[in-house]
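Numbering (my numbering), first residue to last: 7 to 180. Worksheet for the structure shown next.
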């Protein structure tokens, strides 16, 4: 009886511990953590790690924008809204990480896949994103989010990924 009362009191005081995290929250955390293990080339002595999104009002873009006080290795993060019509060459000047959710992949990938910058980490949500030239994908498999890396694209890039991140990743194509 005392245990039941204690559990009830804890549930009332700390309801957030009982709530399941949404896939967007998990992917947002993954994206932030991934950035900690990537060394981007120093371009114009940038003072922030820049995450670019096609939507900052919903989903992962919104979550990171709302937590803009976060830092990666003492460097602040910033989130930018980008336009579908922007050229990838423009994005590479100010985006360290560009996130493309699965609903936009078919619209965006054909526009920039041949001109992708080697200094921008592109992150998607499907295996087909990797097959079309993306570098990283956060794929939902059942109730888990798995990190996949396109090793061929990674080898072509100018940023470095630490081995600790590679150790927890799956690779596609193998």
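All C-beta atoms, glycine included, are put in the ideal place defined by N, C-alpha and C.
From residue i to residue j, what distance separates their C-alpha atoms?
| i | j | result |
| --- | --- | --- |
| residue 158 | residue 103 | 18 Å |
| residue 84 | residue 72 | 10 Å |
| residue 129 | residue 139 | 10 Å |
| residue 148 | residue 69 | 22 Å |
| residue 28 | residue 57 | 20 Å |
| residue 90 | residue 114 | 7 Å |
| residue 81 | residue 64 | 25 Å |
| residue 152 | residue 53 | 30 Å |
| residue 163 | residue 112 | 22 Å |
| residue 150 | residue 175 | 13 Å |
| residue 167 | residue 141 | 11 Å |
| residue 134 | residue 180 | 14 Å |
| residue 88 | residue 31 | 21 Å |
| residue 45 | residue 105 | 17 Å |
Residues bridged to residue i by DSSP?
| i | result |
| --- | --- |
| residue 87 | 59 |
| residue 45 | 166 |
| residue 152 | 145 |
| residue 128 | 104 |
| residue 82 | 77 |
| residue 177 | 155 |
Between the Cα of residue i and those of the options, spot the shortest distance and give me the residue it belongs to.
| i | options | result |
| --- | --- | --- |
| residue 136 | 156, 108, 171, 151 | 156 |
| residue 6 | 74, 45, 47, 54 | Since the first and last residues shown for the chain are 7 and 180, residue 6 lies out of range. |
| residue 101 | 145, 179, 47 | 47 |
| residue 43 | 77, 70, 139 | 77 |
| residue 160 | 149, 151, 178 | 178 |
| residue 98 | 180, 167, 151, 55 | 55 |
| residue 4 | 81, 146, 82, 80 | As displayed, the chain neither begins before 7 nor continues past 180, which places residue 4 out of reach and without an answer. |
| residue 172 | 150, 112, 134, 41 | 41 |
| residue 4 | 62, 105, 127, 39 | Because the chain is modelled from 7 through 180, residue 4 falls outside the range shown and cannot be assessed. |
My understanding is that residue i touches residue j, with C-beta atoms under 8 Å, so please give their C-beta distance in whole angstroms.
| i | j | result |
| --- | --- | --- |
| residue 143 | residue 132 | 6 Å |
| residue 66 | residue 37 | 6 Å |
| residue 110 | residue 154 | The Cβ separation is near 18 Å, so there is no contact. |
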